[in-house]
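With positions in the sequence shown counted from 1, the corresponding number in this note's numbering is that position plus 640. Report on the structure given below.
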Amino acid sequence: MGQTITEKIFSDHVGHAVKAGEIIKSKIDMVIGNDITTPISIRAFEESGATKLANPDGFSIVMDHYIPAKDIASANQAKISREFAYKHDLKHYFDEKDMGIEHALLPEKGLVVPGDVIIGADSHTCTHGALGAFATGMGSTDLAFAMITGENWFKVPESIKVVFSGKPKQHVYGKDLILEVIRILGVDGALYRTLEFTGDTIAHLSMDDRFSLCNMAIEAGAKSGIVAVDETTKAFLKDKNLAREPKFFYSDDDATYMQVLHIDVANLDPVIAYPFLPSNGKSINQAVKDDLSIDQVFIGSCTNGRLEDLRIAASILKGRKVARKTRLIITPATQKISLQAQKEGLVDIFVEAGAVFSNPTCGACLGGYMGILGEGERCVSTTNRNFVGRMGARTSEIYLANSAVAAASAVMGKITDPRTL
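As structure tokens, this is what we get:
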């Protein structure tokens, strides 16, 4: 029998053919830490007696959750990573000087390469599968093991093949596709499996859409999400100074899948995930009927804080104002995106509409800072999770949506179909 793209990537890394279900020890191309999880990894690294990183150029620390520090505790936590990075003269250390959300920044820097095996102590590491790599989140001590050895243990995951067909309607994006997948599978329907995204729809998706698609694979319980390299991927990589030589792998026609899911994208409307699960997806038409007033709108995060998201939001906000009783926070995913948004005049549009445009940060998404919700408040967010208390008070509510729905809802003060503006 043939192999899936995931089985081929691991086969290449271990030097012999592997199949789903096998336990393997694989070389890691890139280990990713951040300001929250890395201090635990550093402690485990040092307690082991290790003094040198196995692969310094394959280790990155991105300070993205509480940077600039929001309080003394976060400042002290950041200090641990900062001192470790300077001590080991880390080449890929990103702080305020070149900041960004890790899952947007590393692809931008050329540090994620097709064919890679990537781990990070952050569940949304699966984002990087959009570039034809195997990428997954692990615990901080797992990260420490990779820091010490340059390798880690894996059970090669079974794959679920998701076949998208048809051209997306206006204002239907990668975010809607993945919310529909999660609605169908549930939050544990892909547990420890790879979601392999295929079909003729993929050709209609930008790289930003593909990053959103893979980013939320974890919300269905998946170990990883992946999209095979095509011309769109190659165009994205063209101007990057890639850290390694890319390797392009493709699933065989006779590869084994534990499930095949078919989704007709041509008939899909924007999807809204109601509280309190990403799987609680409903059509925008239902959300409009429910007439849900909104206190806050957030556009940003590793899911939807990319340049395309800002352009979409600006196209809706231009010449309009944020509703009187609604707050709008827009957070670019990286400094490069922020600069480009300024050059294109997007920031002027945001500020003139009444939005706050912030520095790159994960802060609002995990209820850290820069957008905390109060008791009973309702938020439309382009983030990836809407669990109880995710962005603040336990009685607050989060409705997950794409950037167009978020911007339109900010203007109208209630969940709105952007196609009606």
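Ideal Cβ placement from N, Cα and C applies to all residues, glycine included.
Residue i: buried (16+ other C-beta within 10 angstroms of its C-beta) or exposed?
i     : result
I712  : exposed
Y733  : buried
L877  : buried
T971  : buried
H764  : buried
A913  : buried
K801  : buried
R1018 : buried
L831  : exposed
S721  : buried
A725  : buried
E885  : exposed
L979  : exposed
Alpha carbon to alpha carbon, what distance is there between residue j and residue i?
i     : j     : result
T873  : M847  : 7 angstroms
L890  : K648  : It is worth fixing the name first, because residue 890 is Tyr in this sequence and not Leu. Cα-Cα distance, rounded: 8 angstroms.
V1045 : S700  : 34 angstroms
G740  : M1052 : 30 angstroms
T789  : I866  : 26 angstroms
Q717  : I952  : 36 angstroms
S666  : E820  : 33 angstroms
N1026 : E1015 : 15 angstroms
A1048 : A694  : 49 angstroms
L835  : A895  : 14 angstroms
L917  : E723  : 38 angstroms
F1064 : G1011 : Residue 1064 cannot be examined here, being either before or after the span of the chain that is shown, 641 to 1061.
N792  : I707  : 29 angstroms
L950  : Y1009 : 21 angstroms
R967  : A995  : 7 angstroms
D930  : N1024 : 22 angstroms
H653  : V757  : 8 angstroms
P808  : H705  : 33 angstroms
K863  : T646  : 11 angstroms
N944  : K887  : 27 angstroms
S1021 : Y1039 : 6 angstroms
K961  : L853  : 30 angstroms
C942  : G1003 : 11 angstroms
R833  : D988  : 43 angstroms
L932  : L882  : 45 angstroms
A709  : C1005 : 16 angstroms
D935  : A993  : 16 angstroms
I818  : A868  : 16 angstroms
Who are the near neighbours of residue i in its chain, counting only those whose CB is closer than 6 angstroms to its CB and skipping five residues on each side?
i    : result
A657 : S651
G829 : A860
Y813 : D849 and N1042
V803 : T838, G839 and H902
I619 : This structure does not reach residue 619, given that the chain is present from 641 up to 1061, and the question cannot be answered.
For residue i, which residues of its own chain have a beta-carbon under 8 angstroms away from its beta-carbon, when the five flanking residues on both sides are left out?
i     : result
V991  : F997
G1007 : L1013, G1029, R1030, M1031 and G1032
I956  : A1044, A1047, A1048, V1051, P1058 and L1061
Since residue i sits in a beta bridge, which residues does DSSP pair it with?
i     : result
D904  : S805
L1013 : G1032
G940  : Partner(s): none; G940 has no beta bridge.
M670  : I758
H732  : S700
I822  : Answer is none; I822 lacks a bridge partner.
F794  : I664
Nearest CA to the CA of residue i: which residue from the options?
i     : options                     : result
K659  : D735, E736 and S799         : S799
S919  : I824, P1000 and S1036       : I824
E1037 : V671, I1055 and A725        : I1055
R964  : Q980, T1022, A1050 and P754 : A1050
P747  : T767, E871, A954 and G1011  : T767
S681  : L968, L908, A761 and F888   : A761
K737  : R1059, K976 and Y1009       : K976
E662  : Q980, K880 and V796         : V796
K880  : G689, K749 and I676         : K749
G698  : D669, E1017, A993 and T644  : D669
N674  : S852, T644, A868 and G777   : G777
A784  : L979, E984, P696 and L947   : P696
A973  : G755, I939, E984 and K958   : I939
H902  : S923, C942, F837 and S852   : F837
A927  : D1057, Y726 and P679        : D1057
H844  : M856, C854, D870 and V827   : D870
K983  : L947, L957 and V962         : L947
G985  : G959, P754 and S780         : G959
R1034 : H728, P915 and T678         : P915
H728  : A690, Y897, K710 and E742   : A690
P1000 : V702, E687 and G655         : V702
P679  : D782, K731, I664 and G755   : D782
N925  : Q936, P910, V937 and D935   : P910
N907  : S923, V900, K815 and M898   : S923
L730  : M787, F851, A875 and G806   : M787
Please work out which residues of its chain come closer than 7 angstroms, Cβ to Cβ, to residue i, disregarding the five sequence neighbours upstream and downstream, and give them in chain order.
i    : result
V752 : M670, L746, I758, H768, L771 and A773
D892 : G642 and Q643
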